[in-house]
Amino acid sequence: MVFKEGDVLEFDVAFKADRKVIQFEKGTTVDRSSPLIDAPKGLRYVLQERGFSVKGLPRNCNRKRQASWKDDDDVELPFDSAKPCCMLCQLADCEDFRTEKPTLQNLIESLGHKCIFFPKFHPELNFIERFWSHVKRELRKTCEYTLNGFDKHVTDKLHNACKLATIRRYARHSWRWMSTYSLGLPPKVVAYAVKKFRGHRTIPPGVDGEIMRCYTESTLCKGNSSRTLDNGSITEFVN
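Numbering (our numbering), first residue to last: 253 to 491.
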């Protein structure tokens, strides 16, 4: 995806360097002194190499941004390869790009491990977030809100501010969230169950129906207005 020494340009290239645009014509050979060495080829050039027509296509159409924020991360708006909307979607629709794995994932799997990513916007599943919160809270007590105070204490707080027993407790809390989500409960019911079973490492299996009943009874006492939850399984009573 970058230009290498000896490459022959198949198309015209406009390269921007030091706020100046340098034009390279088709057929130019990239030599050792060329500013194109190790420079990214860019969306337009890569698509043209693959035989796609990019005439009149914008760089990005924000197709994903048009989807509702409630949509699942794996759900995307349909892409019509016969009528591409933008260069970014055209390249993302290529088979080798769809199946490409991140460098970090390839490294982890090459060592014989599994790489499982957390879903987006769910910091409660990653207990390191609680660790950072604990460290920052302790650091604020001694940093004097100056850069020198931060540099002086940050290393010590990272190593000593949070005890191992506390880290394990944070990990158990995250596992409790994971086990509750695995039951397929609505988000608000999950939050209720995690608090209700705070003495457990995971939510006991087969209690999802009981959790729903208890949640309905507890919210019934808080108001008389009702609406259906996300999955439509029960009615939630709110103030």
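For each residue, glycine too, the CB sits at the ideal point set by N, CA and C.
Check: Tell me which same chain residues have a C-beta within less than 8 Å of the C-beta of L410, skipping the five on either side of it?
Finding: V387
Next item on the list: Classify A423 as helix, strand or coil using the three-state DSSP reduction.
Entry: helix
Check: Which two residues bound the contiguous beta strand (DSSP E) that contains I274?
Finding: K272 to F276
Check: Near D348, which residues of its chain fall below 8 Å by C-beta distance, leaving aside the five closest residues on each side in sequence?
Finding: Within the same chain, D348 has no close Cβ partners at all.
Note to self: Give the list of continuous beta strand (DSSP E) stretches no shorter than 3 residues that lie fully inside the stretch 265-311.
What the structure shows: 265-269 and 272-276
Item checked: Limits of the unbroken alpha helix (DSSP H) element including S434 -> Taken as a continuous stretch (DSSP letters only), S434 belongs to no alpha helix (DSSP H), as it is neither H nor E.
Note to self: If I measure Cβ to Cβ from F370 and keep anything under 7 Å in the same chain, skipping five residues before and after, which residues do I get?
What the structure shows: Excluding its 5 nearest sequence neighbours in each direction, F370 has C-beta neighbours in its own chain below 7 Å: L377 and N378, listed in chain order.
Notebook entry, point to check: Bridge partners of V254, per DSSP?
Noted result: P292
Next item on the list: Tell me where the alpha helix (DSSP H) around K404 begins and ends.
Entry: L399 to N412
Item checked: Sequence-distant residues of its chain with Cβ nearer than 8 Å to D324 (five each side left out) -> Confidence at D324 is low in this model, with a pLDDT of 45, below 50, so the placement of that residue is unreliable and no value is reported for it.
Notebook entry, point to check: Of all the options D283, H374, T351 and F383, which has the alpha carbon lying nearest to the alpha carbon of W429?
Noted result: H374
Check: Considering only residues of the same chain and omitting the five flanking positions on each side of I493, which have a CB-CB separation below 6 Å?
Finding: With the chain covering 253 to 491 only, the question about residue 493 has no answer from this structure.
Margin query: Between which residues of its own chain and N483 is the CB-CB distance below 6 Å, once the five residues before and five after are set aside?
Written below: Any answer about N483 is weak, because its pLDDT of 43 lies below 50 and its placement is not dependable; what the coordinates show is given next. Excluding positions up to five away in sequence, the list reads P438.
Item checked: Three-state secondary structure assigned by DSSP to V441 -> helix
Next item on the list: Could you say which of V260, D290, K393 and R450 lies nearest to E277 if we only look at CA atoms?
Entry: With respect to the C-alpha of E277, the residue from V260, D290, K393 and R450 having the closest C-alpha is V260.
Check: Taking just the CA atoms, how far does C395 sit from K322?
Finding: A caution first: K322 carries a pLDDT of 41, below 50, which makes its placement in the model too unreliable to give a value.
Checklist line | Contact check, L359 vs M339, beta carbons under 8 Å | finding: no
Margin query: Judging by CA-CA distance, which residue of D264, S426 and V459 is the nearest neighbour of I380?
Written below: Per the Cα distances, S426.
Check: Where does Y397 land, buried or exposed, given buried means 16+ other C-beta within 10 angstroms?
Finding: That one is exposed.
Item checked: Cα-Cα separation between R389 and Y422, rounded to whole angstroms -> 15 Å
Note to self: Between E257 and I289, how many whole angstroms is the CB-CB distance? I'm expecting something under 8 Å.
What the structure shows: 6 Å
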